[in-house]
Amino acid sequence: MDIVLAMKALIMGLVEGFTEFLPISSTGHLILAGSLLEFTGEKVKVFEIAIQAGAMLAVIWEYRVRIAAVLGGLSHDPKARRFALNVVIGFLPAAVLGLLFNKMITAVLFKPVPVATAFIVGGLVILWVENRARNNPVSVRINSVDDMTSLDALKVGCAQAFALIPGTSRSGATIIGGMMLGLSRKAATEFSFFLAIPTLLGATFYSLYKQRDLLTAADLPMFGVGTISAFVSAFLCVRWLLRYISSHDFTIFAWYRIVFGIVVIATAHFGLVNWAE
1 MDIVLAMKAL IMGLVEGFTE FLPISSTGHL ILAGSLLEFT GEKVKVFEIA IQAGAMLAVI
61 WEYRVRIAAV LGGLSHDPKA RRFALNVVIG FLPAAVLGLL FNKMITAVLF KPVPVATAFI
121 VGGLVILWVE NRARNNPVSV RINSVDDMTS LDALKVGCAQ AFALIPGTSR SGATIIGGMM
181 LGLSRKAATE FSFFLAIPTL LGATFYSLYK QRDLLTAADL PMFGVGTISA FVSAFLCVRW
241 LLRYISSHDF TIFAWYRIVF GIVVIATAHF GLVNWAE
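Numbers 1 to 277, taken from the UniProt record's numbering, label the letters of the sequence shown in order.
#1: Grab the span of the alpha helix (DSSP H) containing PRO137 for me, first residue to last.
#2: Grab me the residues of GLU190's own chain with a C-beta within less than 7 Å of its C-beta, minus the 5 sequence neighbours each way, in chain order.
#3: At 4 residues or longer, what runs of the alpha helix (DSSP H) sit wholly inside the region 240-266?
#4: Is it the case that the region 55-66 contacts the region 232-252, given that we only count it when at least three CB pairs across the two stretches are under 8 Å?
#5: Nearest to PHE39 by alpha carbon, out of LEU214, ALA6, SER26?
#6: Go ahead and pull the three-state DSSP assignment for LEU183.
#7: Kindly give me the distance between the Cβ atoms of ALA254 and GLY123, rounded to whole angstroms, as I take these residues to be in contact under 8 Å.
#8: When the Cα of ALA161 is compared with those of PHE231, VAL46, THR174, which residue comes out closest?
#9: Using 8 Å for Cβ pairs, my map puts GLY98 next to LEU164. What's the rounded Cβ distance?
#10: With distance defined between alpha-carbon atoms, name the residue in PHE260, ALA95, GLY226, ALA230 nearest to ALA159.
#11: What is the rounded straight-line gap between the Cα of GLY13 and the Cα of ASN136?
#12: PHE223 to LEU100, Cα distance in whole Å?
#13: Let me know if PHE270 comes out buried or exposed under the rule of 16 or more other beta-carbons within 10 Å of its beta-carbon.
#14: Provide the residue span of the alpha helix (DSSP H) that contains ASP77, from first to last.
#15: On the three-pair Cβ rule with 8 Å, is the region 52-59 touching the region 116-133?
#16: In angstroms with no decimal places, state the Cα-to-Cα distance between ALA69 and LEU214.
#17: Note down, in chain order, each residue of its chain lying with its Cβ closer than 8 Å to the Cβ of GLN52, except the 5 sequence neighbours on either side.
#18: Could you give the residue range of the alpha helix (DSSP H) that holds LEU214?
#19: Rounded to whole angstroms, what is the Cα-Cα separation between ILE262 and VAL115?
#20: In its own chain, which residues sit with a C-beta less than 7 Å from the C-beta of TYR256, not counting the 5 before and 5 after it?
#21: Hey, could you find the ends of the alpha helix (DSSP H) GLU48 is sitting in?
#22: Going by alpha carbons, who is nearest to THR149 out of TYR244, LEU183, LEU127, PHE47?
#23: Going along the chain, which residues of its own chain have a beta-carbon closer than 6 Å to the beta-carbon of SER192, five neighbours each way excluded?
#24: To the nearest whole angstrom, what separates the beta carbons of LEU37 and LYS8, a pair I think is in contact under 8 Å?
#25: Less than 9 Å between the C-beta atoms of GLY167 and GLY28, yes or no?
#26: Using the Cβ count rule (16 or more neighbours within 10 Å means buried), how would you classify GLY157?
#27: Taking 8 Å as the limit between beta carbons, can you name the residues of its chain near SER246, skipping five residues before and five after?
#28: What whole-angstrom Cβ distance do PHE91 and PRO198 have, given they're in contact under 8 Å?
#29: Quick one: residues in its chain with C-beta nearer than 6 Å to the C-beta of GLU48, no 5 flanking neighbours on either side, listed in chain order?
#30: Check the DSSP bridge columns for ILE142 and list the partner residues they point to.
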């Protein structure tokens with residue numbers, strides 16, 4: 001692997017890790033970053049999905065004590081079994097719809113301008129939800145992920161499925177969707193973290209298996225650099241986000257999405273940036 005390819009893999013991993021758990025769309029940022037870096041193609045699409053495993057491992061490390069307690073309590077602790085079942089239920093809608101529509105979504109929507117449009121729409125939705133939360137704070141009925149029912153998990157899982165549209169944001173869909181459904185900001189954020197484990201792990205293994213003919217042993221260093229940088233940056237981001245939500249809302253991310261989306265569409269329209277498709 002030459003130094004230029006290594007730097008591109010490193011940058012893409014950092015982009016993945018810093019954006020995966022923020023409501024700003026990691027997939028959208030990877031598509032745009034890859035376009036700017038001239039790092040595109042079928043193999044790169046597999047790379048972009050595979051390095052999500054690094055971000056997922058950051059969540060596992062951050063919540064390793066909680067995860068170990070849940071796994072250890074599956075045989076005898078009803079609370080642990082309910083929590084694990086909720087994660088599985090929340091994972092299913094995106095998994096099923098992803099299997100059914102992945103090829104169509106990849107062919108039509110994995111392009112800079114559709115992604116930028118999703119940025120703007122998602123930003124407007126966040127502004128609406130945050131305004132609703134300020135005007136009606138008593139709407140919160142679930143303050144802990146342990147208080148969620150299976151129906152709550154299913155509803156949040158359906159919200160996560162909207163993230164199949166690139167630019168929507170998996171974390172944004174689950175966090176904002178959870179808040180709309182009555183979860184506190186902290187509970188929605190933590191459930192989004194836990195949902196990332198089966199979702200990102202499943203997407204990684206499915207993509208690697210599906211596109212295995214594209215890959216060779218020579219690709220391992222590129223994937224390794226991207227995965228490690230995604231792990232480190234995601235770990236830092238998760239720690240920061242947990243502190244941030246204790247005293248802030250997501251309005252700043254909404255405006256970031258809107259401004260960023262407008263810039264991408266404007267530069268594409270006026271030919272200032274040659275966004276690759």
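Note that the Cβ used here is the ideal one computed from N, Cα and C, for glycine as well.
Quick caveat: nothing in here was measured; it's all calculated off a predicted structure.
So, to answer that:
#1: No alpha helix (DSSP H) holds PRO137; DSSP gives it neither H nor E.
#2: VAL145
#3: none
#4: yes
#5: ALA6
#6: strand
#7: 4 Å
#8: THR174
#9: 6 Å
#10: ALA95
#11: 39 Å
#12: 27 Å
#13: exposed
#14: Careful: ASP77 lies outside any alpha helix (DSSP H) and carries neither H nor E.
#15: no
#16: 39 Å
#17: GLU16, GLU20, SER26, LEU200, ALA203, THR204, ALA230
#18: From DSSP, LEU214 is part of no alpha helix (DSSP H); its letter is neither H nor E.
#19: 11 Å
#20: ILE24
#21: 42-50
#22: LEU183
#23: SER171, THR174, ILE175
#24: 5 Å
#25: yes
#26: buried
#27: LYS186
#28: 4 Å
#29: LEU30
#30: LEU183
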